[in-house]
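A.B. asks:
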Amino acid sequence: MVSLTYSLASFLLKRALPGGDLYDDVPDVSMPVDDSLEETDPVTEEIFSSWALFILLFLLGAALWSSYFLQQRRIKAIHETVLSIFYGMVIGLIIRISPGHYIQDAVKFKSSYFFNILLPPIILNSGYELHQANFFRNIGAILTFAIPGTFISALVLGIILYIWTWLGLEKISLTFLDALAVGATLSATDPVTILSIFNAYKVDPKLYTIIFGESLLNDAISIVMFETCQQFHGKANAGVGSFFEGIGLFLMTFTISLLIGVIVGVIVALILKHSHVRRYPQIETCLVLLFAYESYFFSNGCHMSGIVSLLFCGITLKHYAYYNMSRRTQIATKYIFQLLAQLSENFIFIYLGLSLFTEVELVFKPMLIIVTFISICVARWCAVFPLSRLMNWVIKKKAARRGIVSVPDEIPYSYQMMTFWAGLRGAVGVALAMGIQGEFKSTLLATVLVVVVLTVILFGGTTAGMLEICGIKTGCVDESGNNSDDEFDIETPRVSVPHKRNDGPPSQLYRDGFRSGNASQTSLGNSDIMLDDEIASDDLTGTSSRVSDAAANLTFSDLLTSEDHGKWFTQFDEQVLKPVLLDSPANQN
141 MVSLTYSLAS FLLKRALPGG DLYDDVPDVS MPVDDSLEET DPVTEEIFSS WALFILLFLL
201 GAALWSSYFL QQRRIKAIHE TVLSIFYGMV IGLIIRISPG HYIQDAVKFK SSYFFNILLP
261 PIILNSGYEL HQANFFRNIG AILTFAIPGT FISALVLGII LYIWTWLGLE KISLTFLDAL
321 AVGATLSATD PVTILSIFNA YKVDPKLYTI IFGESLLNDA ISIVMFETCQ QFHGKANAGV
381 GSFFEGIGLF LMTFTISLLI GVIVGVIVAL ILKHSHVRRY PQIETCLVLL FAYESYFFSN
441 GCHMSGIVSL LFCGITLKHY AYYNMSRRTQ IATKYIFQLL AQLSENFIFI YLGLSLFTEV
501 ELVFKPMLII VTFISICVAR WCAVFPLSRL MNWVIKKKAA RRGIVSVPDE IPYSYQMMTF
561 WAGLRGAVGV ALAMGIQGEF KSTLLATVLV VVVLTVILFG GTTAGMLEIC GIKTGCVDES
621 GNNSDDEFDI ETPRVSVPHK RNDGPPSQLY RDGFRSGNAS QTSLGNSDIM LDDEIASDDL
681 TGTSSRVSDA AANLTFSDLL TSEDHGKWFT QFDEQVLKPV LLDSPANQN
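Structure representation (structure tokens):
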């Protein structure tokens with residue numbers, strides 16, 4: 141019946157086209173007779189979709205409950221992301237051996253879902269919660285590991301894979317450009333598990349910031365490198381000229397993406413400054429979130445890097461727009477971004493575990509998987525230790541010219557070892573592997589997927605032991621005081637403190653009373669919102685001045701391990717940008 145319908149549709153299509161017989165060469169779209177072919181019942185499809193969503197949400201709930209149990213029992217050696225992968229693998233195996241394919245198709249890893257739904261909350265929260273002082277203090281090491289380190293890692297891994305496939309032991313043939321694309325795919329680090337364990341152990345902020353900052357920029361650089369390699373795929377004249385062309389394309393993409401994110405963040409700051417939307421915190425919070433996402437999708441639509449745009453948009457929002465927000469919006473954005481990032485991270489690792497068994501087109505080559513796993517370790521070693529020695533040598537030279545005996549900015553060997561150990565791969569590599577072209581796509585995708593899961597389990601599961609072996613300092617206290625917006629801030633009522641416009645920062649009195657819990661209770665509603673605005677007027681002055689002082693003393697003065705670098709931007713930021721972008725008490729009314 142279905143075949144007859146398609147044949148009739150093909151006949152009518154030919155006769156309906158203008159020109160009559162001139163269009164007789166339209167290919168026949170009739171389908172071969174297949175008695176097993178059945179039309180999809182919408183009701184049945186909805187039922188299977190509901191079961192698929194139920195399974196995913198059940199796994200997500202199990203992962204979060206495991207996180208609660210681990211924290212309650214103070215078990216720091218195991219992280220919920222490792223358990224999420226195991227949960228996904230177990231359920232994926234059950235789905236694979238079960239009859240039918242509808243649920244299996246529904247829970248497959250889809251790169252479009254990953255890049256458009258799961259990845260943006262993680263990047264936005266990372267930029268928004270970034271400790272800017274530590275980040276810019278260690279910007280030299282971060283940029284060195286992120287840019288040259290990623291290039292070295294991709295190049296070394298690509299060369300090893302190209303040589304291995306050239307030997308022909310597993311009947312796989314890759315061009316050097318294809319091997320380099322795989323190298324770029326597996327150069328995307330995603331140390332979510334390690335950083336979470338670092339938080340639990342309160343590892344030295346310097347080591348945490350270097351690994352955290354590298355992973356943020358590393359993902360974006362790997363994506364740009366992979367897309368650049370894919371643009372030259374299949375071109376016979378790809379040579380040295382194409383190499384330099386690819387570098388130029390990468391630099392252009394990175395720069396424009398950065399500017400897009402900064403511009404969107406500045407626009408949000410100006411909108412919040414020149415409007416009274418702070419009187420409506422719900423609308424204000426929605427607008428901030430939507431504008432941030434707009435930077436990501438606009439950048440992707442322009443063939444730029446959405447990750448870079450969203451990262452620097454988050455940094456700009458926290459540096460400028462945050463101080464133009466109402467107090468409720470400040471708290472709401474903080475916890476909404478953290479909530480979405482938490483859900484996305486656990487969902488991603490569940491996805492990875494499921495994909496090992498729900499991807500039916502995977503072709504596993506054990507020797508290729510082993511060689512690739514060893515290769516990423518070699519590539520990571522080449523990207524970390526030589527660059528660390530180079531940075532230490534430069535730091536020592538600068539210190540010698542200034543007559544400094546002790547050099548505290550050096551990267552010790554224990555930090556280098558933990559940076560090497562933190563090079564586990566993540567879902568970004570799997571999502572990029574979905575876009576690999578060529579006849580060996582299924583083999584390469586299977587290899588990337590298995591290697592990613594192995595690195596998360598092996599490196600992530602042994603992080604606590606490596607901290608003890610390397611003698612890394614733990615139990616460090618964050619001196620930044622960034623934990624002011626905790627749950628007690630939400631539960632404690634506000635206090636109205638008499639204040640003057642130009643007599644110092646009265647916001648400090650307000651904050652002290654707010655945290656101590658001795659505040660007199662005020663009514664919620666519109667009056668609370670107006671009180672929020674009044675306090676924010678003076679809170680802005682005191683807070684921004686403290687942030688300005690911190691930025692002048694910590695953030696940019698130590699840029700690239702030199703006190704002279706970055707002072708021009710600090711002065712420009714204080715004298716030009718903040719007066720233009722931050723709200724003043726006079727404009728609050």
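This note's numbering puts the first residue of the sequence shown at 141, with every later residue one more than the last.
Beta carbons: idealized from backbone N, C-alpha and C, even for Gly.
Being a predicted model, the structure only gives us computed values, none of them experimental.
1) Rounded to whole angstroms, what's the CA-CA distance from residue 712 to residue 281? Just pull it up for me.
2) Quick one: grab the DSSP three-state call for residue 290.
3) Have a look at 455, 230, 398, 386 and flag the residue whose alpha-carbon is nearest the alpha-carbon of residue 409.
4) On a Cα-Cα basis, can you pick out the residue from 720, 440, 432 that is closest to residue 394?
5) Decide if residue 254 is buried, meaning its Cβ has at least 16 other Cβ atoms within 10 Å, or exposed.
6) To the nearest angstrom, how far is it from the Cα of residue 115 to the Cα of residue 412?
7) Taking just the CA atoms, how far does residue 343 sit from residue 710?
8) Taking residue 359 as the reference, give the member of 293, 534, 719 with the closest Cα.
9) Ends of the alpha helix (DSSP H) at residue 419?
10) The alpha helix (DSSP H) spanning residue 715 covers which residue range?
11) Closest by CA to residue 327, which one among 615, 723, 190, 516?
12) Thinking residue 289 and residue 524 are a contact (beta carbons under 8 Å), I'd like their distance in whole angstroms, please.
13) Who pairs with residue 565 in a beta bridge, going by DSSP?
14) Leaving aside the five residues before and after residue 336 along the sequence, list all residues of the same chain whose C-beta is less than 6 Å from its C-beta, in chain order.
15) I believe residue 494 touches residue 247 by the beta-carbon criterion, under 8 Å. Please report the beta-carbon distance rounded to the nearest angstrom.
16) Do residue 111 and residue 264 have their C-beta atoms closer together than 9 Å?
17) Going along the chain, which residues of its own chain have a beta-carbon closer than 6 Å to the beta-carbon of residue 576, five neighbours each way excluded?
18) Should residue 562 go down as buried or exposed, given a rule of 16 or more other Cβ atoms within 10 Å for buried?
19) Using 8 Å as the cut-off, can you tell me whether the segment 428-436 makes contact with the segment 398-409, which would need three or more C-beta pairs spanning the two stretches below that distance?
20) Can you round the beta-carbon distance between residue 568 and residue 363 to whole angstroms, since I take them to be within the 8 Å contact cut?
21) Quick check on residue 392: buried or exposed, where buried means 16 or more other Cβ atoms within 10 Å of its Cβ?
22) Is residue 715 buried or exposed, if buried means 16 or more other CB atoms sit within 10 Å of its CB?
23) Assess, as a yes-or-no matter, whether the segment 268-281 is touched by the segment 484-504 under the definition of 3 or more beta carbon pairs within less than 8 Å.
24) Within its chain, find whatever has a CB closer than 8 Å to the CB of residue 702; leave out the 5 residues flanking it on each side and keep chain order.
25) Distance check for residue 345 and residue 621, CA to CA, integer angstroms please.
26) Cα-Cα, which of 723, 717, 722, 614 is closest to residue 340?
27) I'd like the span of the alpha helix (DSSP H) that includes residue 771, first residue to last.
28) Could you work out which residue in 594, 532, 311, 448 is closest to residue 503 when comparing CA atoms only?
29) With DSSP as the reference, label residue 498 as helix, strand or coil.
30) With a Cβ-Cβ cutoff of 9 Å, do residue 606 and residue 284 count as a contact?
31) DSSP three-state call for residue 255: helix, strand or coil?
32) Mapping the DSSP letters down to three states, classify residue 167 as helix, strand or coil.
33) DSSP state of residue 522, grouped into three classes?
34) Using 8 Å for Cβ pairs, my map puts residue 387 next to residue 444. What's the rounded Cβ distance?
35) What ranges does the beta strand (DSSP E) occupy inside the segment 413-458, keeping only unbroken runs of at least 3 residues that lie completely in it?
C.D. replies: Looking at the atomic coordinates:
1) 24 Å
2) helix
3) 455
4) 440
5) buried
6) A query on residue 115 cannot be resolved here, the shown segment of the chain reaching from 141 to 729 and no further.
7) 29 Å
8) 293
9) Neither: residue 419 is in no alpha helix (DSSP H) and is coded neither H nor E.
10) Neither: residue 715 is in no alpha helix (DSSP H) and is coded neither H nor E.
11) 516
12) 7 Å
13) 329
14) 219
15) 5 Å
16) In the structure as shown, the chain begins at 141 and stops at 729. Residue 111 is therefore absent and cannot be evaluated.
17) 584
18) buried
19) yes
20) 7 Å
21) exposed
22) exposed
23) no
24) Model confidence at residue 702 stands at a pLDDT of 41, short of 50, so the residue's coordinates are unreliable; what they give is reported in the following sentence. Around residue 702: 538.
25) Because the pLDDT at residue 621 is just 45, under 50, the model does not fix this residue reliably, and the value given afterwards should be weighed accordingly. For residue 621 and residue 345, the distance between alpha carbons rounds to 13 Å.
26) 614
27) Residue 771 lies beyond the range of the chain shown here (141 to 729); nothing can be said about it.
28) 311
29) helix
30) no
31) helix
32) Legend: pLDDT at residue 167 = 41, less than 50; position of this residue unreliable, value from coordinates given subsequently. Here residue 167 sits in coil by DSSP.
33) helix
34) With 8 Å as the limit, residue 387 and residue 444 do not qualify as a contact, their Cβ atoms being about 16 Å apart.
35) none
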